[in-house]
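Just below is one structure, and these are the notes that go with it.
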Amino acid sequence: MIKKYIPYGVKIRLHLLKNAVRDFSNGYMFSFAKIKPQHLDESIVFALTQDLKSNEFKKQNILKAKSFIDHVTIWPDQIFSFWKIVGNPSGKRGFVQSRSLVNGETIDSFGGGLCQLSGLLYLVSIHCGLIVLERHNHSVDIYDDDSRYMPLGGDATVAYGHKDLKIRNNLRQPIRFAISTNDDTVSVGIRCADEITVRKVDFAITHQDADIKVVETIINDETALRSTYKNLVTN
82 MIKKYIPYGV KIRLHLLKNA VRDFSNGYMF SFAKIKPQHL DESIVFALTQ
132 DLKSNEFKKQ NILKAKSFID HVTIWPDQIF SFWKIVGNPS GKRGFVQSRS
182 LVNGETIDSF GGGLCQLSGL LYLVSIHCGL IVLERHNHSV DIYDDDSRYM
232 PLGGDATVAY GHKDLKIRNN LRQPIRFAIS TNDDTVSVGI RCADEITVRK
282 VDFAITHQDA DIKVVETIIN DETALRSTYK NLVTN
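Under the numbering used here, the sequence shown has 246 at position 165, and the numbering climbs by one with no breaks.
Spelled out as structure tokens, the structure:
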């Protein structure tokens with residue numbers, strides 16, 4: 082009950098402190114990749130492209146996040162944290178309001194649309210065999226088959242101070258994420274010097290009823306993860 086009287090900024094700082102304690106206890110604290118421009122002899126070895134619906138505000142947020150992620154080299158055993166790189170998606174830092182899914186409802190918020198970018202980063206990572214340390218699926222499936230731009234089960238929602246995407250580079254070479262957009266698509270790839278083995282990734286709905294869907298992530302024909310979604314309730 083008392084939570085609703087705590088200012089939003091204080092809540093965020095408390096969550097960030099809790100996250101820092103958890104990172105320290107997990108042994109992550111000194112392993113995070115940092116923004117540091119470096120030139121490597123590399124090329125894009127794998128990439129995925131998705132439709133980018135006609136939303137200039139979402140595109141602006143993705144390009145703002147790209148401006149930070151572009152300058153991050155993830156060395157072997159280092160961890161990429163979406164929020165440690167992108168930072169607070171506030172208006173003061175150049176982010177704009179766009180559609181977000183919060184507690185099962187669509188609202189406009191600063192940094193809205195970044196979940197499509199984090200989802201692509203996640204998808205590319207599991208295709209390339211990177212280790213996903215933290216990933217959260219959306220709580221509600223708001224799309225139908227015609228409007229869905231990402232496979233159900235392939236999403237990775239992020240919320241500053243609350244939900245992060247953390248990926249460890251378990252390869253024997255440094256990597257970088259490559260992000261690009263055009264008028265109606267967004268692409269994310271992995272840059273590195275040597276070829277890597279790309280894994281087969283599929284998604285299958287294994288349970289569905291009036292309330293929920295359960296989706297299995299299948300990597301190289303083995304179930305790796307299950308994601309549960311509530312169905313969108315329409316009046």
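All C-beta atoms in this analysis are idealised placements derived from N, C-alpha and C, irrespective of residue type, glycine included.
Query raised in the report: So which of Y241, I260, L129, S220 has the shortest CA-CA distance to R307?
Result: It is S220.
Query raised in the report: From D225 to G90, what does the alpha carbon distance come to, in whole angstroms?
Result: The straight-line gap separating the alpha-carbon atoms of D225 and G90 is approximately 35 Å.
Query raised in the report: DSSP on Q289, reduced to helix/strand/coil?
Result: Three-state DSSP puts Q289 in a strand.
**Report entry** Cross-strand partners of R180 (DSSP beta bridge)
**Finding:** In DSSP, R180 forms a bridge with D189.
Query - CA nearest to the CA of D292, picked from L233, D265, D222, Y230 - result: For D292, the closest alpha carbon among the candidates L233, D265, D222, Y230 is that of D222.
Requested in this report: Along the alpha helix (DSSP H) that carries L202, what are the first and last residues, could you check?
Outcome: In the DSSP annotation of this structure, the continuous segment of the alpha helix (DSSP H) that includes L202 starts and ends at 195–208.
**Report entry** Reduced DSSP category for R229 - H, G, I as helix; E, B as strand; rest coil
**Finding:** R229 falls in the coil class under three-state DSSP.
Report task. Would you mind stating whether K139 and G200 have Cβ atoms separated by less than 8 Å? Result -> In this structure, G200 does not lie closer than 8 Å to K139 by Cβ.
Query raised in the report: Quick one: is L95 buried, meaning 16 or more other Cβ sit within 10 Å of its Cβ, or exposed?
Result: With fewer than 16 Cβ atoms within 10 Å of its Cβ, L95 is classed as exposed.
Query raised in the report: Would G210 pass as a contact of R280 if the rule is Cβ separation under 8 Å?
Result: Result yes, Cβ atoms of G210 and R280 sit closer than 8 Å.
Query raised in the report: Could you check where the beta strand (DSSP E) with I271 kicks off and where it finishes?
Result: Counted as a single uninterrupted DSSP element, the beta strand (DSSP E) harbouring I271 occupies residues 266–273.
Query raised in the report: Could you give the residue range of the beta strand (DSSP E) that holds A128?
Result: That run of the beta strand (DSSP E) goes 124–132.
Report task. Take L246 as the anchor and find which of T266, N263, Q197 has the nearest alpha-carbon. Result -> Residue Q197 is the option with its Cα nearest to L246.
Query - DSSP bridge partner residues for A237 (one or two, in chain order) - result: A237 is not bridged to any residue.
Query raised in the report: How far does the beta strand (DSSP E) with N142 in it reach, from first residue to last?
Result: Segment 137–150 is the alpha helix (DSSP H) holding N142; no beta strand (DSSP E) there.
Query raised in the report: What is the DSSP secondary structure of S220, reduced to helix, strand or coil?
Result: Looking at S220 - three-state DSSP - the assignment turns out to be coil, as it is neither helix nor strand.
**Report entry** Bounding residues of the alpha helix (DSSP H) (the contiguous stretch that carries K165)
**Finding:** Note, K165: alpha helix (DSSP H), 163–167.
Query raised in the report: What residues in its chain sit with their C-beta under 7 Å from that of A101, if we drop five residues either side in the sequence?
Result: For A101, where only same-chain residues beyond five positions count, there are no Cβ hits under 7 Å.
Query raised in the report: Which residues in the same chain as F176 place their Cβ atom closer than 6 Å to its Cβ, once the five residues preceding and following it in sequence are excluded?
Result: Leaving aside the five residues that flank F176 on each side, the residues in its chain whose CB is nearer than 6 Å to its CB run, in chain order, N142, K145, P170, F191, G192.
Query raised in the report: Given A305, which residues of its chain have a CB within under 6 Å of its CB, disregarding the five upstream and five downstream residues?
Result: In chain order, T298 place their CB closer than 6 Å to the CB of A305, counting only its own chain and leaving out the 5 sequence neighbours on each side.
Query - D104 - DSSP class collapsed to helix/strand/coil - result: D104: helix per DSSP, three-state reduction.
Query - Closest by C-alpha distance to Q254, when choosing among P232, S179, I271, F113 - result: Of the candidates P232, S179, I271, F113, the one whose C-alpha sits nearest the C-alpha of Q254 is I271.
Query raised in the report: With a Cβ-Cβ cutoff of 8 Å, do T130 and S268 count as a contact?
Result: The answer is yes: Cβ separation under 8 Å.
Report task. Measure the beta-carbon distance from I212 to V153 and round it to whole angstroms, keeping in mind my assumption that it falls under 8 Å. Result -> Contact flag wrong, Cβ pair sits at about 17 Å.
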